[in-house]
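Residue numbers (our numbering), protein chains in the order written: chain B, 19 to 169; chain Z, 19 to 169.
First the structure, in the form of structure tokens, and then the observations on it.
There are 2 protein chains.
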Amino acid sequence: MRVFFSKKCDIGIKAVLFLSIQEKNQKISADTISNELNEPREFISKTLQELTKSKIVASRKGKDGGFYLNKEASEIRLIDIIAAIDGLDVFKECVLGFSGCNIETPCPVHDTWGPIRERAYKLFSTQTLEDLKEKTEVKIYSIKNNLRNKK
Amino acid sequence: MRVFFSKKCDIGIKAVLFLSIQEKNQKISADTISNELNEPREFISKTLQELTKSKIVASRKGKDGGFYLNKEASEIRLIDIIAAIDGLDVFKECVLGFSGCNIETPCPVHDTWGPIRERAYKLFSTQTLEDLKEKTEVKIYSIKNNLRNKK
DNA sequence: TGTTAATAAGATTATATCATCCGATTAACA
DNA sequence: TGTTAATCGGATGATATAATCTTATTAACA
């Protein structure tokens, strides 16, 4: 079930996080990422293709090909991935779906939602993948272990 | 485009807010609500039917029938409507869609997202429709005026 | 008691999102 | 230079959500 971002966006974030903890410029196949994250291979591949258009990742065809980060991990933020896939409407539109919700004609929770949304935006826009690296490693290794235990 | 809740949930909230500023126990037809909120009549009616099951609103068939609040406005919170339609997963599940995101195996933003989510939950669960009444009136009248100006 | 105007409820259609499939292209390397 | 293994990109299928339609039921009231 969707929480805040679309499934595709979730997948994109996970896949890019996975790439961010690999050796620099190492090419990783969609197949590998799929196995490690336990997400459909084609969905991973489609989503990463989309992210190559916004220059966040790059890809290489052919044998030993795969995906890799197109910038330094310290130059990529989660908000860049979100902007590329879902867009930033979630940080702009009215939380109750009212049209024309702004300071002149605010919805009943406009004032209270504003700061929350701002804080969320900060969360995704201040930290870089480099900042998140340790936490990312811990989480991604736990997925792998979890899968092993289930077999 | 979806922001935080489903379209149906948005519609439910708007419709119940609309009912909350009517004279007590006055029955309002789905048709009227549809016109005032500028939303599809059938969608309004379907959604309110769903909310009758959770006893938030009540309805009366036949001539002069319609929908009305089943409780005092001071006893209904936005979270009650959200729980009835979308459920409360949005306040529980991992914002990045990681499975098993908890204190033991947290996702990279688990710690920072927690307080934001909590604040959002508070926003929807502490204020009642009665508390929001004035703001609701202002917003809903602005929709009507906006529509008139467009004609 | 018949007409009218409303919701109720089930069925259906439309749209967006999610997921998969397959042929074309590409590059490594034997 | 042929084989292999990867992405690319277009097409398609599946599912969930959104929106509509249709018929039944209900209640007011002339």
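Heads up, the beta-carbon is just placed ideally off N, CA and C, and yes, glycines get one too.
Rounded distance between the beta-carbons of residue j and residue i, thought under 8 Å
{"i": "residue 160 of chain B", "j": "residue 123 of chain Z", "result": "4 Å"}
{"i": "residue 148 of chain B", "j": "residue 91 of chain B", "result": "4 Å"}
{"i": "residue 55 of chain Z", "j": "residue 85 of chain Z", "result": "Actually they are not in contact, since the Cβ atoms of residue 55 of chain Z and residue 85 of chain Z sit about 13 Å apart, beyond 8 Å."}
{"i": "residue 105 of chain Z", "j": "residue 21 of chain B", "result": "Not confirmed; about 11 Å, so no contact."}
{"i": "residue 164 of chain Z", "j": "residue 118 of chain B", "result": "6 Å"}
Which of helix, strand or coil DSSP assigns to residue i
{"i": "residue 85 of chain Z", "result": "strand"}
{"i": "residue 144 of chain B", "result": "helix"}
{"i": "residue 97 of chain Z", "result": "helix"}
{"i": "residue 169 of chain B", "result": "With a pLDDT of only 47 at residue 169 of chain B, under 50, the local geometry of the prediction cannot be trusted, and no value is derived from it."}
{"i": "residue 160 of chain Z", "result": "helix"}
{"i": "residue 46 of chain Z", "result": "strand"}
{"i": "residue 75 of chain Z", "result": "strand"}
{"i": "residue 29 of chain B", "result": "helix"}
{"i": "residue 111 of chain B", "result": "coil"}
{"i": "residue 21 of chain B", "result": "coil"}
{"i": "residue 40 of chain B", "result": "coil"}
{"i": "residue 116 of chain Z", "result": "coil"}
{"i": "residue 104 of chain B", "result": "coil"}
C-beta atoms of residue i and residue j nearer than 8 Å
{"i": "residue 69 of chain B", "j": "residue 102 of chain B", "result": "yes"}
{"i": "residue 138 of chain Z", "j": "residue 134 of chain B", "result": "yes"}
{"i": "residue 154 of chain B", "j": "residue 93 of chain B", "result": "no"}
{"i": "residue 142 of chain B", "j": "residue 95 of chain B", "result": "yes"}
Where residue i falls, given that 16 or more other Cβ within 10 Å makes a residue buried
{"i": "residue 144 of chain B", "result": "exposed"}
{"i": "residue 107 of chain Z", "result": "exposed"}
{"i": "residue 49 of chain Z", "result": "exposed"}
{"i": "residue 82 of chain Z", "result": "exposed"}
{"i": "residue 126 of chain B", "result": "buried"}
{"i": "residue 169 of chain B", "result": "Per-residue confidence for residue 169 of chain B stands at a pLDDT of 47, beneath the threshold of 50, marking its modelled position as unreliable; the derived number appears in the next sentence. The residue in question, residue 169 of chain B, is exposed, as its Cβ has fewer than 16 Cβ neighbours within 10 Å."}
{"i": "residue 72 of chain Z", "result": "exposed"}
Candidates the options, of which the one nearest residue i by Cα
{"i": "residue 29 of chain Z", "options": "Z:157, Z:63, Z:40 and Z:167", "result": "Z:63"}
{"i": "residue 41 of chain Z", "options": "Z:74, Z:87, Z:113 and Z:52", "result": "Z:87"}
{"i": "residue 74 of chain B", "options": "B:59, B:51 and B:98", "result": "B:98"}
{"i": "residue 128 of chain Z", "options": "Z:34, Z:111, Z:156 and Z:142", "result": "Z:111"}
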